[in-house]
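Read top to bottom, the protein sequences are chains X and G. Positions 1 to 159 (the numbering used here) are the ones given, in order, by the first sequence. Positions 160 to 490 (the numbering used here) are the ones given, in order, by the second sequence. Notes follow once the structure below has been shown.
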Amino acid sequence: MNKIEFMLNGEKIEVWANAHKTLLELLREDLGIKSPKCGCDLGDCGACTVFLDGKSVRSCLILVPEVNGCDVVTLEGIMRPNLTKLQQFFLDHNSFQCGFCAPGMVLSATELLQKNPTPTLEEIKEGLSGNLCRCTGYTPIINAVADAVATTVATTINE
Amino acid sequence: MKIISEITYFAPTTIEEAVELLQKHPENSCLLAGGTDVVPALKKQVEKPRVIIDLKKISGRIRNIELKTIENIESIESIERIESIESKNQQELFIGTLVTFCDLLDSALIRENYPLIWEMSKVVASVGIRNRATIVGNICSAVPCMDSGPVLLTYDAKVQTNKRIIPIENFWIGPRQNCLSIDEIVLGITIISTSPKSHVSAGRFVKLMRYRGEDLAQASIAILINSFESAATATAEVKIAFGAVAPVPIRAYAIEKIISKQINQWDEWNEWDQMMEEALATIPDIIAPISDLRASAEYRLHMVGVMFKRGLKDAILRLQGNGSKYGSSLI
Ligand SMILES: Cc1cc2nc3c(=O)[nH]c(=O)nc-3n(C[C@@H](O)[C@@H](O)[C@H](O)COP(=O)(O)OP(=O)(O)OC[C@H]3O[C@@H](n4cnc5c(N)ncnc54)[C@H](O)[C@@H]3O)c2cc1C
Ligand code: FES
Ligand code: FES
């Protein structure tokens, strides 16, 4: 067992865990953080996405001891206490059906807009790629992000 | 898929400590960088190491992307290399072992000076993987379809370890096999080139995938043209390499010879068809594609020709200043 300390959604966490446990397993099974989902468990689908030191990563590919001393933020952490503005766009566009892919999509889109507030459609698609959605065909998801970009650009121009 | 075997995890803070750990556990240890290959291998039990040695807590140069003019380089190995280079007008790029594909994409230095590395990094997996996956881990895994291989071949990259400097061409010895010894750790990748002032350079990386977005290469090709202009003449060298169509990424010397000869007496596009015919005829002797779940050998062979033709054309246009934007897709 390894003793691991890290920040989770702004709180200091101390756990003892086996080195062969993944961050995804720790979050879901031991800490009750359920936004990251287990889709493929091999890095392919993006459902397990969390932020690690500010960057989106696949928590199914991270061993718990690797996060020692790091800062982990999940969807629960970015939406305290309410939906983010970007999430509101997803809601308005009915972007999700079952919602399994939503945490990964929201975090990926959040990271994209932090890095590049005015992405082109092509850049939005690239930023979201690697997040698989089995329900929607992606259109309402991409539209939500495009709308968020257009609206933000429009309001900053109007201000 | 859970990892079922127990492992012991170490996070050394220096390279020396990491080497010691490798020596202490020669049989069953495994280095860990971004883990995007290691963790799936642990889950699928392809690898059953008992000891994982995480390199990410090591600080220093292995985290950096550095560009130096050759005069500033002090280490003994580098001095040996300087002697073999005629011109002083050289620069050395160093990409440390912990540099991820995202770091490469975010680096203005890479984007401006080594656009092929940038163009290649852009099509590796997706952001969530690129935030973790290192280019050094990519070459160490030595999977034949690795994206970085062909590009590093065209730049004549070298792999610097704690023991020696290995030309990238000698680094891979077979599918999933590199030439590192049991207690050898890669510190970084170096690329020596003449400084941009003395030549213009352009290239093209083309990756064939089943769909756009996250997928491994069915075939890939990197083309780099360096054109040196002196008062009297202009000379160009062309470097070409293929990925995913042989046991390891390979340079296509036979094609390079044909194209270099032609390109130095470039008469606009008049000779194009004839040059292509000659070059395409050599491809089957250079590559040895296999059929697997991503593509058949026949499809790979055919598409390599198509990618080569379009890629070279775009590389030449880029050299002339009117090619496509780096990062745009060609197929
Ligand atoms: C969903 C998914 C999609 C992918 N898509 C692509 C793709 O499109 N193109 C592509 O090329 N690759 C792709 N990959 C593979 C790619 O992520 C890896 O090859 C990655 O670059 C390896 O780097 P890493 O830092 O994760 O290495 P790790 O997994 O940590 O290590 C890889 C190997 O290198 C060894 N190693 C690491 N560092 C050193 C060192 N300093 N010295 C000696 N040995 C070392 C390790 O022991 C291990 O054997 C994909 C992977 C996943 C999971
Ligand atoms: S569950 Fe981690 S990427 Fe699919
Ligand atoms: S909404 Fe069901 S997977 Fe995307």
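The beta-carbon is built from N, C-alpha and C at its ideal position, and this holds for glycine as well.
Task: Cβ-Cβ distance between valine 145 of chain X and alanine 102 of chain X below 7 Å - done: no
Open item on the list: Shorter than 6 Å, the distance from the beta carbon of alanine 200 of chain G to the closest heavy atom of ligand 2, or not?
Closed with: no
TODO: Please list, following the chain, all residues that have a C-beta closer than 6 Å to any non-hydrogen atom of ligand 2.
DONE: The answer, residue by residue, is X/Cys38, X/Gly39, X/Cys40, X/Asp41, X/Gly43, X/Asp44, X/Cys45, X/Gly46, X/Ala47, X/Cys48, X/Arg58 and X/Cys60.
- [ ] Compare the C-alpha of alanine 376 of chain G against each of G/Ser455, G/Lys207, G/Leu264 and G/Asn223 and name the closest.
- [x] G/Ser455
Task: Proximity test, phenylalanine 100 of chain X beta-carbon vs ligand 5 heavy atom, cut-off 6 Å - done: Ligand 5 is not part of the structure shown, which contains ligand 1, ligand 2 and ligand 3 as its ligands.
Task: Proximity of glutamate 271 of chain G and tyrosine 485 of chain G at Cβ, strictly below 7 Å - done: no
Task: Short Cβ contact (7 Å threshold) for asparagine 385 of chain G with serine 360 of chain G - done: yes
- [ ] State the Cα-Cα distance for the pair cysteine 70 of chain X and alanine 17 of chain X, rounded to the nearest angstrom.
- [x] Looking at the two C-alpha atoms, the distance is approximately 16 Å.
- [ ] Would you mind reading off the limits of the beta strand (DSSP E) that contains alanine 316 of chain G?
- [x] Per DSSP, alanine 316 of chain G belongs to no beta strand (DSSP E) and is neither H nor E.
- [ ] For threonine 136 of chain X, verify whether its CB is less than 6 Å away from any heavy atom of ligand 3.
- [x] yes
Task: Minimum Cβ-Cβ distance from glutamate 165 of chain G to chain X less than 7 Å - done: yes
Task: Contacts that asparagine 290 of chain G makes with chain X (C-beta to C-beta distance below 7 Å) - done: Lys55, Ser56 and Val57
Task: C-alpha gap between tryptophan 428 of chain G and alanine 267 of chain G, whole angstroms - done: 33 Å
Task: Interface flag, threonine 172 of chain G vs chain X, CB-CB below 7 Å - done: no
Task: Inter-residue spacing [alpha-carbon to alpha-carbon] between leucine 91 of chain X and isoleucine 142 of chain X - done: About 13 Å.
Open item on the list: Residues in the same chain with beta-carbon distance under 8 Å from glutamate 123 of chain X, minus the five sequence neighbours each way, listed in chain order, please.
Closed with: Leu112 and Asn116
- [ ] Starting from proline 110 of chain X, find everything on chain G with Cβ-Cβ shorter than 8 Å and list it in chain order.
- [x] The sequence given here has threonine at residue 110 of chain X, not proline. Residues of chain G passing the Cβ test: none, with the nearest at roughly 11 Å.
TODO: Give a single yes or no on whether isoleucine 118 of chain G has its beta carbon closer than 6 Å to a heavy atom of ligand 1.
DONE: Lying before the first or after the last residue shown, residue 118 of chain G is absent from chain G, which here runs from 160 to 490.
TODO: Please list the segments of the alpha helix (DSSP H) lying wholly inside the stretch 196 to 233 of chain G, counting only runs of 4 or more residues, in order along the chain.
DONE: 197 to 202
TODO: For the stretch 286 to 318 of chain G, enumerate the residues whose C-beta is nearer than 8 Å to any C-beta of chain X, in chain order.
DONE: Val286, Gly287, Ile288, Asn290 and Arg291
Task: Neighbouring residues, chain G, relative to glutamate 123 of chain X (Cβ below 9 Å) - done: Result: empty, since nearest Cβ-Cβ is about 10 Å, beyond 9 Å.
TODO: Buried or exposed for glutamate 11 of chain X, please, with buried defined as at least 16 other CB atoms from any protein chain shown within 10 angstroms of its CB.
DONE: exposed
- [ ] Leaving out five residues on either side along the sequence, give the residues of the same chain with a beta carbon under 7 Å from the beta carbon of valine 463 of chain G.
- [x] Correct list, in chain order: Ala378, Ile380, Phe401, Val404, Ile442 and Ile446.
Open item on the list: If contact is defined by three or more beta carbon pairs under 8 Å, each pair taking one atom from either stretch, is the stretch 246 to 264 of chain G in contact with the stretch 177 to 186 of chain G?
Closed with: no
TODO: Say whether chain G places a C-beta atom closer than 7 Å to the C-beta of glycine 43 of chain X.
DONE: yes
Task: Inter-residue spacing [alpha-carbon to alpha-carbon] between valine 286 of chain G and cysteine 45 of chain X - done: 12 Å
TODO: For lysine 161 of chain G, I'd like the list of residues in its chain whose CB is within less than 8 Å of its CB, leaving aside the five on either flank, ordered along the chain.
DONE: Lys202
Open item on the list: I need the straight-line Cα distance from histidine 358 of chain G to methionine 105 of chain X, nearest angstrom please.
Closed with: 44 Å
TODO: My understanding is that methionine 1 of chain X touches valine 72 of chain X, with C-beta atoms under 8 Å, so please give their C-beta distance in whole angstroms.
DONE: At roughly 19 Å, the Cβ-Cβ gap does not stay under 8 Å, so methionine 1 of chain X and valine 72 of chain X are not in contact.
- [ ] Report the residue from G/Ile351, G/Gly219, G/Ile288 and G/Pro408 whose alpha carbon sits nearest the alpha carbon of tryptophan 331 of chain G.
- [x] G/Pro408
Task: Residues that DSSP places opposite tryptophan 16 of chain X in a beta bridge - done: X/Lys3
Open item on the list: Nearest by alpha-carbon distance to valine 50 of chain X: which of X/Glu66, X/Leu24 and X/Cys40 is it?
Closed with: X/Leu24
Task: Beta carbon of leucine 489 of chain G nearer than 7 Å to that of arginine 469 of chain G - done: Between leucine 489 of chain G and arginine 469 of chain G, the C-beta spacing is below 7 Å.
Open item on the list: Does chain G have any CB closer than 7 Å to the CB of leucine 8 of chain X?
Closed with: no
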